[in-house]
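Asker: This structure is in structure tokens; I'll ask about it shortly.
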């Protein structure tokens with residue numbers, strides 16, 4: 375059985391209402407709409423820290439800000455901490471990152 379593709383998008387400052395507005399023609403986003411229709415979309419999410427680096431570290435590790443220690447932008451994630459990307463690599467997936475990966 376082949377492994378399914380996993381594409382994880384995380385965009386800064388992209389309000390859900392902007393995507394919903396696309397259906398009214400305010401801001402056409404056909405490619406995002408197509409990906410959303412074929413994938414999973416989380417519509418009720420919260421964060422324990424609204425700053426970029428701590429949030430990215432939380433998503434990567436599954437740990438809270440206090441647990442992973444990335445308290446604000448500029449802090450580095452401890453490379454010894456497991457991340458979902460490393461878990462995927464260890465299971466045989468090829469992984470990559472594009473854009474802001476801090």
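Numbering (the numbering used here), first residue to last: 375 to 476. For each residue, glycine too, the CB sits at the ideal point set by N, CA and C.
1. Determine the direct distance from the alpha carbon of residue 459 to that of residue 411, and round the result to whole angstroms.
2. I need the straight-line Cα distance from residue 426 to residue 392, nearest angstrom please.
3. What does the Cβ neighbour count give for residue 431, buried or exposed, with the cut at 16 atoms within 10 Å?
4. Under 8 Å: do the stretch 456-474 and the stretch 432-443 share three or more Cβ pairs, one atom per stretch?
5. Could you tell me the distance, in whole angstroms, from the CA atom of residue 415 to the CA atom of residue 405?
6. Rounded to whole angstroms, what's the CA-CA distance from residue 452 to residue 439? Just pull it up for me.
Answerer: With the given structure in hand:
1. 24 Å
2. 20 Å
3. Taking all protein chains shown into account, residue 431 has 16 or more neighbouring C-beta atoms within 10 Å of its C-beta and is therefore buried.
4. yes
5. 14 Å
6. Distance between the alpha carbons of residue 452 and residue 439: 12 Å.
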